[in-house]
Structures are given as structure tokens and as C-alpha cells.
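Residue 121 in our numbering is what sits at position 120 of the sequence shown, and the numbering runs on without skipping anything. Glycine residues also receive a C-beta, built at the ideal position from the N, C-alpha and C atoms.
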Amino acid sequence: MPEDVEASLVPLQNRIEELAGFPGDSAKEQELRRLREELAERRRRIYASLTPWQKTQVARHPNRPYTLDYVNALFTEFTELHGDRRFGDDPALVAGFARYKERPVAVLGHQKGRDTKQKIYRNFGMPKPEGYRKALRVMQLAAKFGRPVISFVDTPGAYPGLDAEERGQAEAIAFNLREMARLPTPIVVIVTGEGGSGGALAVAVGDRVNMLEHSIYSVISPEGCASILWRDSGRAEEAATAMKITAADLARFGIVDEVVPEPVGGAHLDPEALFRSLDGILEAQLRELSALPRESLLEGRYEKFRRMAQLGAEFVEAP
Numbered sequence: 002m003p004e005d006v007e008a009s010l011v012p013l014q015n016r017i018e019e020l021a022g023f024p025g026d027s028a029k030e031q032e033l034r035r036l037r038e039e040l041a042e043r044r045r046r047i048y049a050s051l052t053p054w055q056k057t058q059v060a061r062h063p064n065r066p067y068t069l070d071y072v073n074a075l076f077t078e079f080t081e082l083h084g085d086r087r088f089g090d091d092p093a094l095v096a097g098f099a100r101y102k103e104r105p106v107a108v109l110g111h112q113k114g115r116d117t118k119q120k121i122y123r124n125f126g127m128p129k130p131e132g133y134r135k136a137l138r139v140m141q142l143a144a145k146f147g148r149p150v151i152s153f154v155d156t157p158g159a160y161p162g163l164d165a166e167e168r169g170q171a172e173a174i175a176f177n178l179r180e181m182a183r184l185p186t187p188i189v190v191i192v193t194g195e196g197g198s199g200g201a202l203a204v205a206v207g208d209r210v211n212m213l214e215h216s217i218y219s220v221i222s223p224e225g226c227a228s229i230l231w232r233d234s235g236r237a238e239e240a241a242t243a244m245k246i247t248a249a250d251l252a253r254f255g256i257v258d259e260v261v262p263e264p265v266g267g268a269h270l271d272p273e274a275l276f277r278s279l280d281g282i283l284e285a286q287l288r289e290l291s292a293l294p295r296e297s298l299l300e301g302r303y304e305k306f307r308r309m310a311q312l313g314a315e316f317v318e319a320p
């Protein structure tokens, strides 16, 4: 749990753990039930009033569901494809085909690691050019066979290393933006954790863009913003507030279409509840988009992202 978010709950949690070690004692079991109810209520109040910086910490929680967790929960017959047919494979971005309620779809998304070994293997969810090219290869195959694309976004950003730059990181991202804008098949995007800069947008040009309640989406991290503006990454909390990076803010500005509610305490505390919420939204959006003619689909996607360019003045003037 993010320490500063739930620090006040630690004593209560410790007391609950102590009482849980005395099964069969009716008095202690009654006290245990009371304390659990109190914990749930206090957690509900805390998460109902999180600051943007606290939401950033929740969005980065290492136990939040990642792309493969969503694949296992919502899809069947997933077959992962590997490689970009130019350089190699990128484990930081997974992509393949599956069935969603018996309907063939393409699924892709950033994949972070749980332990140190996985984090290194997945490059902390930061794709290199071959990851974006692999994703586009899968999306183009999906369009060829009339399959919708579902993209899960959760990355601090594209990998900024020398090898990625040598292989054309910027070009790979830019090419994805152009090709996704005119891909003739429905695209649904879900920001599940961090939506960081072009590394996120390269797989996030969709007809519907959704965000989990405690996710963030921005052109740069709060720490990066603070370092550039004030040369002090310690002012990240101040930057997070000014940047309007939360799902509620971005929904208000029309950048995201729907905010997916998370269970109290965040998606990591009850992933199954989150999967149920997302399932209903995903099913409704795919049904709506699949009914549109190709021309209407592409025109709507174009207009959606063109409107974002007109939000600058409103964004600055927003309280």
C-alpha cells in the first residue's frame, strides 16, 4: 500500500492481524468484525479524497493488475505474438489475439514485472521501438480480419536508452500515432495505471479512451515536470496537482470517455470487482463501435483527437 496514503491505517491493521490469531474466541471475533468495519469505512473516506499525488502513488502500486491479468480475467484463447519482423521481441509490450465473449479480438498492452527478475525482463513496462512495431503489426492484422483492438496502457513512458534511440524510438511512436488514427477497426483503450507521455499514446489512439479511477495520464511524470519547471523533483506533489493528471480531471476536459470505478482501496485490493466493472463498460463500447460504418468510425476518431488540440485555453483557465 502507498505508505503516506494508508499510514494512519497501519495501527488498526496490526490490531486486526493480532485478533485474527485467536479463532474461536467469541469476544475477540466480535471485536475483529467491528475493527474490520471501521477499517473499511476509514479506507473509504481516505480514497474518496485522494490528492493527485496520492493517486499517482496508487497508480504505481506494484500489486495493481497488469495487462496479462486482464487477459486472463476477461479473455479466452489468448495467443501471444512475438517480434516486430525487423529487430526482435519486446517483453515490455505484449500483443496477440483472443476471444472476448466468443468474439475474436486483438489485445495488447504494457506489462510490468512483479519481482526484480520480472521487472528487468519487462524493462519496467517501458517499451523500445520493437515493442511499438510489434503492437502495430498485431493491430494491422486485426484490421485485416475485422477484429476490434483492445489496448491496456500502463507505462512510465517509452524507454529513453541509447539502444532505443538508435533503433528509431521517436519514429516508431510517430508511425503508430498515424497508423492508429486511420486503422479501420474499432479501438478501445483502457489506462490502467500510469499513462506516461508518448510511450502511452503510441498504443492509445482509440475510439474510446477509458481510465481506471486511480490511474493517471499525462505528457510527463510529476517528477519530470517538477525537474524541468523548478529544477527540483521534490516538488512533484505540487506538479501533480497543477498538471490535472487524474481520471476525474481528464474526463471533465473530455480527454477520456469513461472512468472505470475501482474497489475501495484500489484495484489491487479486489481485482475481481474491478474486472466486473470493466467488463460491462468494455462490452457496451464494443457493441456501440461495431455498429458504426467504417467511415463514421474513422471520422469520429479523427474528430475526437482534433478536439483535444482545442482544450489548451480551457485547461489553463480551469480552476
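Exercise. According to DSSP, which residues form a beta bridge with Glu195?
Worked result: Ile217.
Problem set entry | Host beta strand (DSSP E) of Pro105 (start-end) | Run containing Pro105: Arg104 to His111, per the beta strand (DSSP E) assignment.
Problem set entry | Proximity of Met127 and Gly200 at Cβ, strictly below 9 Å | Result yes, Cβ atoms of Met127 and Gly200 sit closer than 9 Å.
Exercise. Quick one: Cα of Glu224 to Cα of Asp250, how far?
Worked result: Their Cα atoms are separated by approximately 19 Å.
Problem set entry | Extent of the continuous alpha helix (DSSP H) to which Glu28 belongs | Here residue 28 is Ala; the residue named in the question, Glu, does not match the sequence. Unbroken alpha helix (DSSP H) run through Ala28: Ser27 to Tyr48.
Exercise. To which residues does DSSP link Glu259 through a beta bridge?
Worked result: DSSP lists Asn211 as partners of Glu259.
For this session: Compute the Euclidean distance between the alpha carbons of Met181 and Phe306, then round it to the nearest angstrom.
Result: When only Cα atoms are considered, Met181 and Phe306 end up about 12 Å apart.
Exercise. Mind checking whether the beta-carbon of Leu270 lies closer than 8 Å to any heavy atom of the ligand ZN?
Worked result: The ligand ZN is not among the ligands present in this structure, which contains no ligands whatsoever.
For this session: Pick out whichever of Glu300, Met309 and Leu283 has its Cα sitting closest to the Cα of Val106.
Result: The residue from Glu300, Met309 and Leu283 with its alpha-carbon nearest to that of Val106 is Leu283.
Problem set entry | Contact under 9 Å by Cβ, Gly197 with Ser219 | Contact: yes.
Exercise. Who are the near neighbours of Ala205 in its chain, counting only those whose CB is closer than 6 Å to its CB and skipping five residues on each side?
Worked result: The answer, listed in chain order, is Val154 and Val190.
Exercise. Is the segment 77–91 touching the segment 132–146, taking contact as three or more C-beta pairs under 8 Å?
Worked result: In short, these stretches touch, since the Cβ pair count reaches three.
For this session: Could you tell me how far apart the beta carbons of Arg123 and Pro92 are, in whole angstroms, since I believe they sit closer than 8 Å?
Result: A Cβ-Cβ separation of about 5 Å places Arg123 in contact with Pro92 under the 8 Å criterion.
For this session: Quick one: residues in its chain with C-beta nearer than 8 Å to the C-beta of Thr80, no 5 flanking neighbours on either side, listed in chain order?
Result: Answer for Thr80: Gly97, Phe98 and Ala99, listed in chain order.
For this session: State buried or exposed for Pro185, treating a residue as buried only when at least 16 other CB atoms are found within 10 Å of its CB.
Result: By the neighbour-count rule (16 or more Cβ atoms within 10 Å), Pro185 is not buried but exposed.
Problem set entry | Per-residue burial, Lys102 [other beta carbons within 10 Å of its own, 16 or more giving buried] | Classification of Lys102: exposed, given that the 10 Å Cβ count is below 16.
Exercise. DSSP state of Tyr303, grouped into three classes?
Worked result: For Tyr303, the secondary structure class from DSSP, reduced to helix, strand or coil, is helix.
For this session: Could you tell me if Ser323 is buried or exposed, where buried requires 16 or more neighbouring beta carbons within 10 angstroms of its beta carbon?
Result: What the structure shows of the chain is the stretch from 2 to 320, and residue 323 is not part of that stretch, so it cannot be assessed.
Exercise. Mind checking whether Pro53 and Ala241 have CB atoms under 9 Å apart?
Worked result: A contact, by the Cβ cut-off of 9 Å.
Exercise. Name the DSSP beta bridge partners of Ser152, please?
Worked result: Per the DSSP secondary-structure output, Ser152 pairs in a beta bridge with Leu109 and Val190.
Problem set entry | Unbroken beta strand (DSSP E) run spanning Tyr71, endpoints | Bounds of any beta strand (DSSP E) do not take in Tyr71; it lies within the alpha helix (DSSP H) bounded by Thr68 to Leu75.
For this session: Could you give the DSSP three-state label for Arg100: helix, strand or coil?
Result: Arg100 carries a strand assignment under DSSP once its states are collapsed to helix, strand and coil.
Exercise. Among residues of its own chain, excluding the 5 on either side of Arg295, which ones have a beta-carbon nearer than 7 Å to its beta-carbon?
Worked result: Cβ within range, chain order: Pro185.
Problem set entry | Tyr48 burial status per 10 Å Cβ neighbour count (16 or more: buried) | Under this definition Tyr48 is a buried residue.
Exercise. Are Glu259 and Asn211 closer than 9 Å when you measure CB to CB?
Worked result: Against a cut-off of 9 Å, the Cβ pair of Asn211 and Glu259 comes out as a contact.
Problem set entry | With 16 other Cβ atoms within 10 Å as the buried cut-off, status of Val11 | Exposed: under 16 other Cβ atoms inside 10 Å.
Exercise. Considering only residues of the same chain and omitting the five flanking positions on each side of Arg134, which have a CB-CB separation below 7 Å?
Worked result: Around Arg134: Asp85, Arg87 and Ala173.
Exercise. Alpha carbon to alpha carbon, how far is Pro320 from Thr247?
Worked result: A caution first: Pro320 carries a pLDDT of 42, below 50, which makes its placement in the model too unreliable to give a value.
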